[in-house]
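Chains as they are written, first to last, in our numbering: chain A, 8 to 122; chain B, 367 to 483.
Cβ atoms here follow ideal geometry from the backbone N, Cα and C, with glycine treated the same way.
This report concerns only the one structure given below.
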Amino acid sequence: KNQVEQSPQSLIILEGKNCTLQCNYTVSPFSNLRWYKQDTGRGPVSLTIMTFSENTKSNGRYTATLDADTKQSSLHITASQLSDSASYICVVSRFYGGSQGNLIFGKGTKLSVKP
Amino acid sequence: GAVVSQHPSWVICKSGTSVKIECRSLDFQATTMFWYRQFPKQSLMLMATSNEGSKATYEQGVEKDKFLINHASLTLSTLTVTSAHPEDSSFYICSAPPGQGGFTEAFFGQGTRLTVV
Numbered sequence: 008k009n010q011v012e013q014s015p016q017s018l019i020i021l022e023g024k025n026c027t028l029q030c031n032y033t034v035s036p037f038s039n040l041r042w043y044k045q046d047t048g049r050g051p052v053s054l055t056i057m058t059f060s061e062n063t064k065s066n067g068r069y070t071a072t073l074d075a076d077t078k079q080s081s082l083h084i085t086a087s088q089l090s091d092s093a094s095y096i097c098v099v100s101r102f103y104g105g106s107q108g109n110l111i112f113g114k115g116t117k118l119s120v121k122p
Numbered sequence: 367g368a369v370v371s372q373h374p375s376w377v378i379c380k381s382g383t384s385v386k387i388e389c390r391s392l393d394f395q396a397t398t399m400f401w402y403r404q405f406p407k408q409s410l411m412l413m414a415t416s417n418e419g420s421k422a423t424y425e426q427g428v429e430k431d432k433f434l435i436n437h438a439s440l441t442l443s444t445l446t447v448t449s450a451h452p453e454d455s456s457f458y459i460c461s462a463p464p465g466q467g468g469f470t471e472a473f474f475g476q477g478t479r480l481t482v483v
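Following this line, the structure appears as structure tokens:
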């Protein structure tokens, strides 16, 4: 069964601290893995997209890693800010481009950054 | 990146009435758009694929007569929730890929919070 599991379900950290979110998937055939940030009551916004040949990609303070062999990904947030409070969703695509019907969504990790 | 705009951002309606949600691609043409539903603390669930000039494709378990989709132009898709009931209350999100084929990014609208009372 094609699934994307994220952990932890929720996380509270202090402003300025770093954190790492995890994503494990059992999606086949794998095309790419995406991390999205979703603010409460808003649509998801793309942070990174990685194909199987990429094992790390950064976007500002966000760094995603991918291990296609173990089917694991992580999203590391450096020097967290209050505005980082959001849900972070891991999404795995089954095909190269193509229909979004092949996007498998994780349930997300709800991050709360406290002052 | 490309911009997808959804309207309204939130709507409250009475049970039994119909509600229309619009999804527009502002700076690109989209022959295909996608509609998702998201319940609290849950993943986005694909409801249907909207195809310009042809019928929408619905996911298993989604009632096509209840969730009417019209993709009238290359920049506009609408989702109409007919005879809404409280259990239809949810967060509805549309998305569009700006390109066809190849490595396609997904851009999401800001979502519509529907509350049926």
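For Ser14 of chain A, the enclosing beta strand (DSSP E) begins and ends at 11-14. Collapsing the DSSP output to three states places Asn39 of chain A in a strand. In the DSSP annotation of this structure, Arg49 of chain A is not part of any beta strand (DSSP E), being labelled neither H nor E. In the DSSP assignment, Glu388 of chain B forms a beta bridge with B:His373, B:Thr444. Looking at B:Gln476, B:Gln404, B:Val482, the one whose alpha-carbon comes closest to that of Cys389 of chain B is B:Gln476. Where Lys432 of chain B is concerned, there is no enclosing beta strand (DSSP E), because DSSP gives it neither an H nor an E. Inclusion of Val52 of chain A and Tyr43 of chain A in the CB contact set at 8 Å is warranted, their separation being smaller than that value.
According to the DSSP assignment, Asn66 of chain A belongs to the beta strand (DSSP E) that extends over 63-66.
Note on geometry: alpha-carbon atoms of Lys114 of chain A and Gln13 of chain A lie some 7 Å from one another. Interface flag for Pro51 of chain A against chain B is set, since a Cβ pair is found closer than 8 Å.
In the same chain as Lys380 of chain B, and ignoring 5 residues on each side of it, the C-beta atoms closer than 7 Å to its own belong to Val483, in chain order. The shortest CA-to-CA distance from Ser100 of chain A to any of A:Ile19, A:Thr58, A:Lys121 is the one to A:Thr58. For the 8 Å CB-CB criterion, Val385 of chain B and Leu480 of chain B form a contact.
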